[in-house]
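Asks:
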């Protein structure tokens, strides 16, 4: 069944199962969704709220409804002309509770003799005795508190197996006989490849065909039995050989399977055309669509506002490189040490050279054929910047030229360093315009011009017409409507600067740079009626704590500064309860119509540009989500069912109209050409329009703050030949139409040619 659109559902064993999804099918069918897109459904850690910590890749989660529940959901969907797409996690499994992961438990119990010893990317050389090093203790001294309980060792909630015949003696004595060694997590040593720096997620060796076959047997069954039509592959860049893995996957699932990959592309990086996939999961499209509504006129003033907190924005590039090098040498020290051992050199400058080199690699990994020039350029930049590392860099280059493990380890380290330094750190420090700080984004690029937007859309149409297009995911830093509202600040930078100055006087923050970042997020979710519920207050506190720890400027996850964190929480309550609240509500009221306009416009673009649109759960109405787990909150579908019946809500009107048009004219969107349509007149730059095939035309307005002051004037939109009707607003047009008529009902229009 061809995928025309998807609707992302976050499944949870405790609150949203296959049965709950089945109960939504009538609503989603009426909405005109073609496929349900399910979060991971394999057995995960007990109580998992997301499913990415898979503990048994061979079984469907019993908590979600098991294989029978999946079969019922699939059959019920197909009876309504719909299908399923499932999120698959090949890179890692959850090992936080070893007893829940049968493969991992067996390896810990039997060591190298385990049937699953080769399944995990274990570094047996870390420990002098060849044991698996597990950094799970508060300190090494905690080993003394281990106790023997039958055939397991226990320490609080930790449970580990005892190898046969080694259970006599004290806990510490028994521990010394095991195939694993428990150590303190602060030592920065780990005996296996992790997902980034998350010790509770252990990497799988998918380059081993036996591992691939064992971990994908259940996935294969879904396609063999016709239960599922497509998969989203989580973080393939973490694998040893992403390209090889995807080739095996394509062979396994067949040519008809829709496969998209969570490949986070740099702004100047193209997806390698040799990959046997439909495209990415859409973070590139997210950046392009959202950036279109950022007013470039705001760059100068917002940069000046950022610099008023004491940091030059021009230094951001250097900061990014420093953070990446720091991530390699500290957060990922265990991975760096393993890479150095793979190089087989005792050059004392080798770790520094690797860290410096990685800091100059601007992509997640550079070993795709289309990126062949990235690594040589990084060597050149590193050598020029750090000439004292010339010898060590030659050691690195020589080893990489020979191929093998050093190449693989470097690429895996690069991806982890990029994620930890950029998405999980820099994006919480760069406070110029935080709506740009998104997965797959580049905050240094202040928005996206219409020219860039059209060019990238045309390229996607030619090369990746079935790639996913998204605005919100379970990983986005802020939901789409929150980003849209914050983006409006680019249109009123002087007003924003004056408000921040006044608010900072009324509620002095503990740190100016931290406050500038948080002010924008507070504004992004502030209720239009000014009523901050206890729930929202708690959400703001939770987000603020996460943000300042990720920024790691004054506090961090590893070393929380309770005094600074308490000061931030006190300040936040002062903002919510004091005179700033009234001023914040006033500003939101003043700008809300412009934020809503941008929300509608970006939503319509996402649903009609080349690619397969994904509607993240609940985003068919306004939503105010921040970063996970905030964006995984339960969705009120009673409200959404009613909104779909009445179509009074503008966002629901846009979503339902676009999805229904996709259903009615699938060829126009799947195979249809992309042609920009240029407005004419004094306000032409406020219009972005394009045609799909010859029978669908999308037009949206942007930068509406200035537009509200100047009006459309003589601006017109020249329509191609034919009679066109607006599927959203109902208007009927032909020829050259004034913008005032095109956007008379809403700031967006979806035109369908009706004259054959």
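Numbering (this note's numbering), first residue to last: 58 to 813. A virtual CB, placed ideally from N, CA and C, is assigned to each residue, including glycine.
Looking at the structure shown, is residue 789 part of a helix, part of a strand, or coil, going by DSSP?
Replies: Here residue 789 corresponds to residue number 732 of the chain shown, with the count starting at 1. Strand.
Asks: Just reading off the alpha helix (DSSP H) that residue 270 is part of, what are its end residues?
Replies: What you label residue 270 is simply residue 213 of the chain shown in a count that begins at 1. Start and end: 266-281.
Asks: Looking only at DSSP bridge pairs, what is residue 179 linked to?
Replies: Working through the chain shown from its first residue, we reach residue 179 at position 122. Answer by DSSP bridge pairing, in chain order: 249.
Asks: What residue range does the beta strand (DSSP E) around residue 136 cover?
Replies: Indexing the chain shown from 1 puts residue 136 at position 79. Note, residue 136: premise wrong, no beta strand (DSSP E); alpha helix (DSSP H) at 123-136.
Asks: From this set, 492, 754, 481, which residue's C-alpha is nearest residue 346's C-alpha?
Replies: Position 289 of the chain shown, counting from 1, holds the residue named residue 346. Out of 492, 754, 481, 492 has the C-alpha closest to the C-alpha of residue 346.
Asks: Excluding the five sequence neighbours on either side, which residues of its own chain have a C-beta within less than 7 Å of the C-beta of residue 708, listed in chain order?
Replies: Here residue 708 is taken as the residue at index 651 of the chain shown, counted from 1. Excluding residues within five positions, the ones whose Cβ falls inside 7 Å are 656, 657, 660, 677, 678, 679.
Asks: Which runs of the beta strand (DSSP E) fall wholly inside the segment 188-229 and span at least 3 residues, in chain order?
Replies: Listed in chain order, they are 189-194, 204-206, 209-212, 215-218.
Asks: Give the secondary structure of residue 411 by DSSP, where H, G and I count as helix, E and B as strand, and everything else as coil.
Replies: Sequence index remark: in the chain shown, residue 411 carries index 354 (1-based). Reduced to three states, the DSSP call for residue 411 is helix.
Asks: Output the boundary residues of the alpha helix (DSSP H) element that contains residue 527.
Replies: For the purposes of this step, residue 527 is identified with residue 470 of the chain shown, where counting begins at 1. Unbroken run through residue 527: none, as it is neither H nor E.
Asks: So, for residue 732: in the same chain, excluding its five sequence neighbours on each side, which residues have a beta-carbon less than 7 Å away from its beta-carbon?
Replies: Within the chain shown, the letter at position 675 stands for residue 732. Once the five neighbours on either side are set aside, the close Cβ partners of residue 732 are 747, 748.
Asks: Which residues share a DSSP beta bridge with residue 240?
Replies: As a working mapping, residue 240 is identified with position 183 in the chain shown. 192, per the DSSP bridge assignment.
Asks: Distance check for residue 384 and residue 253, CA to CA, integer angstroms please.
Replies: Mapped onto the chain shown, residue 253 falls at position 196. Mapped onto the chain shown, residue 384 falls at position 327. Those two C-alpha atoms are separated by around 10 Å.
Asks: Note down, in chain order, each residue of its chain lying with its Cβ closer than 8 Å to the Cβ of residue 225, except the 5 sequence neighbours on either side.
Replies: Counting from 1 along the chain shown, the entry for residue 225 is found at position 168. Answer for residue 225: 231, listed in chain order.
Asks: Give me, in chain order, the residues of the same chain whose beta-carbon lies closer than 8 Å to that of residue 697; leave out the 5 immediate sequence neighbours on both sides.
Replies: As a working note, residue 697 is residue 640 in the chain shown. So the qualifying residues of the chain are 84, 675, 677, 678, 709.
Asks: Along the alpha helix (DSSP H) that carries residue 436, what are the first and last residues, could you check?
Replies: As a position in the chain shown, residue 436 is number 379, starting the count at 1. Counting along the chain, the alpha helix (DSSP H) containing residue 436 begins and ends at 431-442.
Asks: Within its chain, find whatever has a CB closer than 6 Å to the CB of residue 96; leave out the 5 residues flanking it on each side and keep chain order.
Replies: The residue given as residue 96 occupies position 39 in the chain shown. Here the set comprises 67, 68, 108, 144.
Asks: Tell me the rounded alpha-carbon separation between residue 471 and residue 121.
Replies: Position 414 of the chain shown, counted from the start, is the residue given in the question as residue 471. Position 64 of the chain shown, counted from the start, is the residue given in the question as residue 121. Between residue 471 and residue 121, the C-alpha separation is close to 35 Å.
Asks: I think residue 106 touches residue 686, with their Cβ atoms under 8 Å apart; what is that distance to the nearest whole Å?
Replies: Taking the first residue of the chain shown as 1, we reach residue 106 at position 49. Taking the first residue of the chain shown as 1, we reach residue 686 at position 629. Going by Cβ atoms, the distance from residue 106 to residue 686 rounds to 6 Å, so yes, they are a contact pair.
Asks: Considering only their Cβ atoms, is the gap separating residue 309 from residue 277 smaller than 7 Å?
Replies: Against the chain shown, residue 277 aligns to sequence position 220. Against the chain shown, residue 309 aligns to sequence position 252. A contact, by the Cβ cut-off of 7 Å.
Asks: Sorted by chain position, which residues of the same chain lie with C-beta nearer than 7 Å to residue 700's C-beta, five sequence neighbours on each side aside?
Replies: Taking the chain shown and counting its residues from 1, the one referred to as residue 700 is at position 643. Excluding residues within five positions, the ones whose Cβ falls inside 7 Å are 678, 706, 709.
Asks: Roughly how many angstroms separate the alpha carbons of residue 641 and residue 612, rounded to a whole number?
Replies: To locate residue 641, count along the chain shown from 1; it is residue 584. To locate residue 612, count along the chain shown from 1; it is residue 555. When rounded, the distance between both Cα atoms is 27 Å.
Asks: Return the bridge partner residues of residue 67 from the DSSP annotation.
Replies: Position 10 of the chain shown, counting from 1, holds the residue named residue 67. In DSSP, residue 67 forms no bridge with anything.
Asks: Verify whether the separation of the beta carbon atoms of residue 669 and residue 60 is less than 7 Å.
Replies: Sequence index remark: in the chain shown, residue 669 carries index 612 (1-based). Sequence index remark: in the chain shown, residue 60 carries index 3 (1-based). Their beta carbons are under 7 Å apart, which means residue 669 touches residue 60 by this criterion.
Asks: Are the beta-carbon atoms of residue 526 and residue 339 separated by less than 7 Å?
Replies: In the chain shown, counting from the first residue as 1, residue 526 sits at position 469. In the chain shown, counting from the first residue as 1, residue 339 sits at position 282. Their beta carbons are under 7 Å apart, which means residue 526 touches residue 339 by this criterion.
Asks: If residue 259 sits next to residue 150, beta carbons under 8 Å apart, how far is it from one beta carbon to the other, in whole angstroms?
Replies: Locating residue 259 in the chain shown gives position 202, where the first residue counts as 1. Locating residue 150 in the chain shown gives position 93, where the first residue counts as 1. About 6 Å separates the two Cβ atoms, so the contact holds.
Asks: To the nearest angstrom, how far is it from the Cα of residue 481 to the Cα of residue 812?
Replies: Residue numbering aside, residue 481 sits at position 424 when the chain shown is read from its first letter. Residue numbering aside, residue 812 sits at position 755 when the chain shown is read from its first letter. Computed Cα separation, rounded: 52 Å.
Asks: Inspect the beta-carbon positions of residue 490 and residue 343 and report whether they are closer than 7 Å.
Replies: Start at 1 with the first residue of the chain shown, and residue 490 comes out as number 433. Start at 1 with the first residue of the chain shown, and residue 343 comes out as number 286. No, the Cβ-Cβ distance between residue 490 and residue 343 is not below 7 Å.
Asks: Pull up the CB-CB distance for residue 359 and residue 547, whole angstroms please, since I reckon it's below 8 Å.
Replies: Here the question's residue 359 lines up with position 302 in the chain shown. Here the question's residue 547 lines up with position 490 in the chain shown. That pair is a contact at about 7 Å.
Asks: Measure the beta-carbon distance from residue 408 to residue 386 and round it to whole angstroms, keeping in mind my assumption that it falls under 8 Å.
Replies: The count along the chain shown starts at 1 and reaches residue 408 at position 351. The count along the chain shown starts at 1 and reaches residue 386 at position 329. About 6 Å separates the two Cβ atoms, so the contact holds.
Asks: Among residues of its own chain, excluding the 5 on either side of residue 355, which ones have a beta-carbon nearer than 6 Å to its beta-carbon?
Replies: Numbered from its first residue, the chain shown carries residue 355 at position 298. Correct list, in chain order: 547, 550.
Asks: Would you mind sorting residue 208 into buried or exposed? The rule is 16 or more other CB atoms within 10 Å of its CB.
Replies: Stepping through the chain shown from its first residue, residue 208 is reached at position 151. Looking at its Cβ environment, which holds fewer than 16 other Cβ atoms inside 10 Å, residue 208 is exposed.
Asks: So, helix, strand or coil for residue 389, using DSSP?
Replies: In the chain shown, the residue the question calls residue 389 occupies position 332. The answer is coil: DSSP assigns residue 389 none of H, G, I, E or B.
Asks: For residue 151, report the span of its beta strand (DSSP E) as first-last.
Replies: Taking the first residue of the chain shown as position 1, residue 151 is located at position 94. Its beta strand (DSSP E) spans residues 149-151.
Asks: To the nearest angstrom, how far is the alpha carbon of residue 420 from that of residue 617?
Replies: Position 363 of the chain shown, counted from the start, is the residue given in the question as residue 420. Position 560 of the chain shown, counted from the start, is the residue given in the question as residue 617. The straight-line gap from Cα to Cα measures roughly 30 Å.
Asks: For residue 521 and residue 293, what's the separation of their Cα atoms in angstroms?
Replies: For this step, residue 521 is matched to residue 464 along the chain shown. For this step, residue 293 is matched to residue 236 along the chain shown. Straight-line Cα distance between these residues: approximately 18 Å.
Asks: Restricting to runs no shorter than 3 residues, where is the beta strand (DSSP E) found entirely within the segment 713-799?
Replies: 731-734, 744-749, 753-758, 773-775, 781-783, 793-795, all fully within the segment 713-799.
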